[in-house]
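Below you'll find the structure, written out as structure tokens, and then a few comments.
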Amino acid sequence: NLRPVSVHPALHHASPLRPERLEGVDLLIVRELLGGLYYGLPRALERDAAVNTMRYTVPEIERVARVAFEAARTRRRSVTSVDKANVLEVSQLWRETVTRVAAEYPDVKLEHLYVDYAAMRLVTAPAAIDVLLTENLFGDILSDEAAVLTGSLGLLPSASIGDGPGLFEPVHGSAPDIAGRGIANPLGAIASGAMLLRYGLKQVEAADAVDDAIASVLAAGARTPDIARPGEPMLGTREIGERVAGLVLEGRGVARGLR
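If you're matching positions, the sequence shown starts at -3 in our numbering and goes up one per residue.
Set out below in structure tokens:
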């Protein structure tokens, strides 16, 4: 699962962090999605006890680690691997395996962080992180924490990629409380389409055009209610989407300067 997190300068006000901590934030979370505690066996819930099993194999770790290192080569060439190797045997295997894979990528820097320190780093120095590599449970928690940096879940896309067709979807849920009101932020869904172009269809130029159009719309002051300041003019879902589409069709998206 890939979750990019970047903070547009025009939206620093929407984040709970101080603006100076948001400068240059552009990170990619690479989360292993099919193993770990969520799928390990045995699992059981009894009257007075319960059990879940955290399990990973070397091939599972190698596969997701290579995804992270390959991604880092197209970015700032740095991977931060998250584990809890001081207390978990699974994390010890994770760290050993990631370190071994890193030898295949001498041009990419690797650092290991315990998950608790990684959680702190995300709010104290998020711009220092390029690619964050993590197993399933830790990634579930850290990716939601990272989402807060942007100021709204409505802005964030994700991609779940395997051997077959990928799944590209916004991070947010269905939000039934605002269904039919035309005020939902469409940018996370549109950015997910850009990820489909980038990772699913390998159409990098087209993906850049969509991402740049999103950045242009935000820079011009277009806001849905979730990212608007009090008293600031707001646009609806359709209006925001039409503005992005118009810029893509006209080829007028400006460079984001966030990578």
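Idealized CB from N, CA, C, for every residue including glycine. Just so you know, these numbers come straight off a predicted model, no measurement behind them.
State yes or no: is the C-beta of residue i within less than 8 Å of the C-beta of residue j?
i: Arg17; j: Pro153; result: no
i: Leu24; j: Val167; result: no
i: Leu129; j: Ser77; result: yes
i: Pro221; j: Ile186; result: no
i: Val206; j: Gly189; result: yes
i: Glu58; j: Thr93; result: yes
i: Leu89; j: Tyr52; result: yes
What whole-angstrom Cβ distance do residue i and residue j have, given they're in contact under 8 Å?
i: Val75; j: Val104; result: 6 Å
i: Leu133; j: Gly32; result: 6 Å
i: Pro182; j: Gly135; result: 25 Å between Cβ atoms; not a contact.
i: Ala224; j: Tyr195; result: With a Cβ gap of about 31 Å, Ala224 and Tyr195 do not count as contacting.
State the DSSP-derived secondary structure class of residue i, mapped to helix, strand or coil.
i: Arg72; result: coil
i: Lys113; result: A small fix is needed here, since residue 113 is Tyr in this sequence, not Lys. DSSP places Tyr113 in helix when its eight states are reduced to three.
i: Leu18; result: helix
i: Ile57; result: helix
i: Leu254; result: Note on Leu254: pLDDT 36, under 50, position unreliable in the model; no value is reported.
i: Val78; result: strand
Could you check if residue i is buried or exposed, using at least 16 other CB atoms within 10 Å of its CB as the buried criterion?
i: Asp140; result: exposed
i: Pro125; result: It is Ile, not Pro, that sits at residue 125 in the sequence shown. Ile125 comes out buried.
i: Leu118; result: buried
i: Lys198; result: exposed
i: Asn82; result: exposed
i: Arg255; result: Confidence is the limiting factor: at Arg255 the pLDDT is only 35, short of 50, which leaves the residue's position unreliable, though a coordinate-based value still follows. Exposed is the call here.
i: Gly253; result: Note on Gly253: pLDDT 41, under 50, position unreliable in the model; the coordinate value appears next. That one is exposed.
i: Asp79; result: buried
i: Thr120; result: exposed
i: Val244; result: buried
* Mind pulling the alpha helix (DSSP H) runs of 4 or more residues that sit fully within the region 96 to 162? -> Fully enclosed alpha helix (DSSP H) runs of 4 or longer: 111 to 120 and 132 to 143.
Going along the chain, which unbroken runs of the beta strand (DSSP E) with 3 or more residues stay wholly within the region 207 to 247?
Qualifying beta strand (DSSP E) stretches: none in this window.
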